[in-house]
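Written out below as structure tokens is the structure these notes cover.
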Amino acid sequence: MVDIGCGTGRNFPFLERAVTDSGRIVGVDLTDAMLREARHRVDRAGWANVDLVESDAGDYELPGNIGGVLSTFAMTMFDDYDGVIRRAAKALRPGGRLAILEMKRPKAWPEGVVRFGSWLLRPFGVSSGYAERTPWESVRQHLDDVLYKEFYAGAIYLCVGQRRL
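Sequential numbering of the sequence shown, starting at 876, is according to my numbering.
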């Protein structure tokens, strides 16, 4: 399991339960400070099956034949999100899944509300350009059996695609 844009490792407890003792987790993040926090989380929990990699997602070469790739609230921050998704899809073993949980611009929200929300989220790396990015379309292009579901009036979405068996 690869967690792209893992940040401080908040997904790791859930991923640990999913991969069990026989699986591995690779957390990838560009930010050294985030990875330090992730390392503290891993060390405190005593997880021996977690590797942390400092890398730009656009440059990271995923290991092959992996069962899953996850990205939570990070994919729209990658300039070449389509390339990241394409490489992730190729790295999945048959039946493996890519899951993205992410923000998007709600169609029904007035422009002023969207601009205000973008301004509020600027400290977290969100810019007005994120609204134009459509990672779910890349998932549809590169994977099969795609599930797409919106939450919070369309502000959050979950998109899961599977590599063909």
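Where a beta carbon is used, it is the ideal one built from N, C-alpha and C, also for glycine. Everything numeric in this text was worked out from a predicted model, so none of it was measured.
Whole-Å CB distance - residue i paired with residue j, under 8 Å assumed
{"i": "Asp878", "j": "Val903", "result": "7 Å"}
{"i": "Phe887", "j": "Arg916", "result": "6 Å"}
{"i": "Gly942", "j": "Gly971", "result": "5 Å"}
{"i": "Lys965", "j": "Ala1030", "result": "That pair is no contact at about 30 Å."}
{"i": "Leu945", "j": "Ala974", "result": "5 Å"}
Local conformation of residue i per DSSP, three classes
{"i": "Met876", "result": "coil"}
{"i": "Glu977", "result": "strand"}
{"i": "Gly958", "result": "helix"}
{"i": "Phe1026", "result": "strand"}
{"i": "Pro888", "result": "helix"}
{"i": "Leu967", "result": "strand"}
{"i": "Asp1020", "result": "strand"}
{"i": "Leu995", "result": "helix"}
Residue i versus residue j - alpha carbon distance
{"i": "Ala1028", "j": "Pro981", "result": "7 Å"}
{"i": "Leu910", "j": "Val928", "result": "8 Å"}
{"i": "Leu995", "j": "Gly933", "result": "26 Å"}
{"i": "Gly921", "j": "Lys1024", "result": "34 Å"}
{"i": "Gly898", "j": "Pro985", "result": "45 Å"}
{"i": "Ala923", "j": "Met876", "result": "14 Å"}
{"i": "Val1014", "j": "Leu967", "result": "13 Å"}
{"i": "Thr947", "j": "Gly958", "result": "17 Å"}
{"i": "Thr883", "j": "Asp931", "result": "15 Å"}
{"i": "Leu937", "j": "Phe953", "result": "16 Å"}
{"i": "Cys881", "j": "Ala983", "result": "30 Å"}
{"i": "Val1035", "j": "Arg1008", "result": "17 Å"}
{"i": "Tyr1032", "j": "Asp926", "result": "28 Å"}
{"i": "Arg1039", "j": "Gln1016", "result": "13 Å"}
{"i": "Tyr956", "j": "Asp896", "result": "31 Å"}
Which residues DSSP lists as bridging residue i, in chain order
{"i": "Asp904", "result": "Glu929"}
{"i": "Arg972", "result": "Gly943, Gln1037"}
{"i": "Tyr1032", "result": "Glu977, Glu1025"}
Proximity test, Cβ basis, 7 Å: residue i and chain B
{"i": "Thr906", "result": "Absent here is chain B; the protein component of the structure consists of one chain."}
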